[in-house]
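Student: First, the structure itself, so that you have it in front of you.
In the numbering used here, the protein residues as written are 774 to 1094.
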């Protein structure tokens, strides 16, 4: 039996006519694949639709044999993938099923224009969301009571999470794994996907490309060095020297290639290390702060709260092995 079976959550993705297959593939790959190296399945993932056959985006193919909308009655998490035709209204049965799941306490996840579906179902009023910047103004005009941040990769608003454009579906799915199962499991899944493990939701959408390969950028070797030495007293100037750049040039390259500043990236790496220490050791909060490179317990508490919404004690209680 999987070590996660006692805590495995049911995730149901609601597939509608025109849904984007990329987001569906992302969520099944990250959340639904059996991974023996980390103890097996993390989630019980199911797909559902209003009918037994649903045509995907541009009629590329049709999905058959998916569950009915009744599957949402048992969902701990409901995921609504991207659907490019934002103007087409959803069937009332779909909207009612989403609203009932939300009223029952299901966590809701909208991938890109999936936020339109959640808003149409009436579950986003007063909430903060994101989506691809291309759709933000249309969304604001239609749903003025929802706060839209169209510059970030994803938004975690507690029981409502939303992601930006297509690739951000991977970022959000990995964030969900880290939030539910801890940094160690999240990092293991990211490694299997050969996907950057340090792209927090606050990074900007306007990213030209993910973490570059060594052939593409002189940053790569410096990033590897900085990640290895992040728990020590290194600075932005140290990273710049390693990359043979001025600090100003380093900032420009980080913005263009990673969508964040060097200090934001370095802080994220240190927080990830602190999360592992909280999960796997009995070190005190002061010791975790020191050994992760965050310095003080107060800084650890502030940075961990920004990334996870939890105090060190609460994080350890939730995710300790």
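Ideal Cβ positions, reconstructed from N, Cα and C, are used throughout, including at glycine.
(1) Leaving aside the five residues before and after residue 922 along the sequence, list all residues of the same chain whose C-beta is less than 7 Å from its C-beta, in chain order.
(2) Which partner residues of residue 928 appear in the DSSP bridge assignment?
(3) Thinking C-alpha only, which one of 1088, 942, 1027 and 991 is nearest residue 1057?
(4) Run the CB neighbour count on residue 1085, radius 10 Å, all protein chains shown included, and call it buried at 16 or more, exposed below.
(5) Would you tell me roughly how many angstroms separate the C-alpha atoms of residue 979 and residue 885, rounded to the nearest one?
(6) Can you tell me which of 790, 831, 820 and 842 puts its alpha carbon nearest to the alpha carbon of residue 798?
(7) Between the Cα of residue 1049 and the Cα atoms of 1074, 875 and 960, which residue gives the shortest distance?
(8) Can you name the residues that DSSP bridges to residue 745?
(9) Taking the alpha carbon of residue 937 as the point to measure from, which residue in 1018, 882 and 967 has its own alpha carbon closest?
(10) Would you tell me roughly how many angstroms separate the C-alpha atoms of residue 1062 and residue 931, rounded to the nearest one?
(11) Taking contact to mean at least 3 C-beta pairs separated by less than 8 Å, is the region 911-919 in contact with the region 887-901?
(12) In angstroms with no decimal places, state the Cα-to-Cα distance between residue 852 and residue 1018.
(13) Could you spell out where the beta strand (DSSP E) holding residue 880 opens and where it closes?
(14) Applying the criterion that 16 or more other CB atoms from any shown protein chain within 10 Å of the CB defines a buried residue, is residue 793 buried or exposed?
(15) Considering only the beta carbon of each residue, do residue 897 and residue 888 sit closer than 8 Å?
(16) Would you decide whether residue 1013 is buried or exposed? Buried here means 16 or more other CB atoms lie within 10 Å of its CB.
(17) Any idea which residues DSSP pairs residue 920 with across the strands?
(18) Should residue 1109 be labelled buried (16 or more other beta-carbon atoms within 10 Å of its own) or exposed?
(19) On the DSSP bridge assignment, give the partners of residue 840 in chain order.
(20) Residue range of the beta strand (DSSP E) that residue 790 falls in?
(21) Checking 8 Å against the spacing of the C-beta atoms, do residue 1042 and residue 947 come in under that value?
(22) Using DSSP's beta-bridge definition, name the partner residues of residue 835.
(23) Quickly, what does DSSP pair residue 808 with across the bridge? List them, please.
(24) Which of the three DSSP states, helix, strand or coil, is assigned to residue 850?
(25) What number of angstroms, rounded off, separates the C-alpha of residue 837 from the C-alpha of residue 788?
(26) Please state whether DSSP places residue 876 in a helix, a strand or coil.
(27) I think residue 942 touches residue 1031, with their Cβ atoms under 8 Å apart; what is that distance to the nearest whole Å?
(28) I'd like the list of long-range same chain contacts for residue 1016, defined as Cβ closer than 8 Å, with 5 residues on each side in sequence excluded.
(29) Please list, in chain order, all residues of the same chain as residue 1068 whose beta carbon is under 8 Å from its beta carbon, the five residues on each side excluded.
(30) To the nearest angstrom, report how far apart residue 976 and residue 1003 are at their CA atoms.
Tutor: From the atom records:
(1) Here residue 922 refers to the residue found at position 149 of the chain shown. 901, 903 and 928.
(2) As a position in the chain shown, residue 928 is number 155, starting the count at 1. Among the bridge pairs identified by DSSP, residue 928 is matched with 935.
(3) Taking the chain shown and counting its residues from 1, the one referred to as residue 1057 is at position 284. Among 1088, 942, 1027 and 991, the Cα nearest to that of residue 1057 is on 1088.
(4) As a working mapping, residue 1085 is identified with position 312 in the chain shown. So residue 1085 ends up on the buried side.
(5) As a working note, residue 979 is residue 206 in the chain shown. As a working note, residue 885 is residue 112 in the chain shown. With a pLDDT of only 41 at residue 979, under 50, the local geometry of the prediction cannot be trusted, and the value read off the model is given with reservation. If you draw a straight line from the Cα of residue 979 to the Cα of residue 885, it comes to about 15 Å.
(6) What you label residue 798 is simply residue 25 of the chain shown in a count that begins at 1. It is 820.
(7) To locate residue 1049, count along the chain shown from 1; it is residue 276. The residue with the shortest Cα to Cα distance from residue 1049 is 960.
(8) The chain is shown only over 774 to 1094; residue 745 falls outside these bounds and no answer can be derived.
(9) On the chain shown, position 164 is the one that residue 937 refers to. When only C-alpha atoms are compared, the closest one is 882.
(10) Position 289 of the chain shown, counted from the start, is the residue given in the question as residue 1062. Position 158 of the chain shown, counted from the start, is the residue given in the question as residue 931. About 25 Å.
(11) yes
(12) For the purposes of this step, residue 852 is taken as residue 79 along the chain shown, with counting starting at 1. For the purposes of this step, residue 1018 is taken as residue 245 along the chain shown, with counting starting at 1. Going by the C-alpha atoms only, they are around 43 Å apart.
(13) By 1-based counting over the chain shown, the position of residue 880 is 107. Residues 880-884.
(14) Translated into positions along the chain shown, residue 793 becomes position 20. Under this definition residue 793 is a buried residue.
(15) Translated into the one-based positions of the chain shown, residue 897 becomes position 124. Translated into the one-based positions of the chain shown, residue 888 becomes position 115. Taking 8 Å as the Cβ cut-off, residue 897 and residue 888 qualify as a contacting pair.
(16) Here residue 1013 is taken as the residue at index 240 of the chain shown, counted from 1. Flag for residue 1013 reads buried.
(17) As a working mapping, residue 920 is identified with position 147 in the chain shown. The partner list for residue 920 (beta bridge, DSSP) reads 901.
(18) Given that the chain is displayed from residue 774 to residue 1094, the structure contains no residue 1109 and the question cannot be resolved.
(19) Your numbering for residue 840 matches position 67 in the chain shown. Bridge partners of residue 840: 821.
(20) Translated into the one-based positions of the chain shown, residue 790 becomes position 17. No beta strand (DSSP E) contains residue 790, which DSSP labels as neither H nor E.
(21) To locate residue 1042, count along the chain shown from 1; it is residue 269. To locate residue 947, count along the chain shown from 1; it is residue 174. In this structure, residue 947 does not lie closer than 8 Å to residue 1042 by Cβ.
(22) The residue labelled residue 835 in the question sits at position 62 within the chain shown. Beta-bridge pairing links residue 835 to 828.
(23) Residue numbering aside, residue 808 sits at position 35 when the chain shown is read from its first letter. BP columns for residue 808 point to 813.
(24) On the chain shown, residue 850 is found 77 positions in, with the first residue counted as 1. Strand at residue 850.
(25) Within the chain shown, residue 837 is the residue found at index 64, counting from 1. Within the chain shown, residue 788 is the residue found at index 15, counting from 1. Roughly 11 Å between the two C-alpha positions.
(26) Along the chain shown, one-based indexing puts residue 876 at 103. DSSP places residue 876 in helix when its eight states are reduced to three.
(27) Stepping through the chain shown from its first residue, residue 942 is reached at position 169. Stepping through the chain shown from its first residue, residue 1031 is reached at position 258. Contact between residue 942 and residue 1031 is ruled out by a C-beta separation of about 19 Å, above the 8 Å threshold.
(28) To locate residue 1016, count along the chain shown from 1; it is residue 243. Only 991, 992, 994, 995, 1023 and 1026 meet the Cβ criterion.
(29) As a first step, residue 1068 must be located in the chain shown, where it is residue number 295. Counting only Cβ-Cβ distances below 8 Å, and skipping sequence neighbours, we find 1062.
(30) The residue labelled residue 976 in the question sits at position 203 within the chain shown. The residue labelled residue 1003 in the question sits at position 230 within the chain shown. For residue 976, the predicted structure reports a pLDDT of 48, less than 50, and the residue's modelled location is therefore unreliable. A value from the coordinates is still provided. Distance between the alpha carbons of residue 976 and residue 1003: 19 Å.
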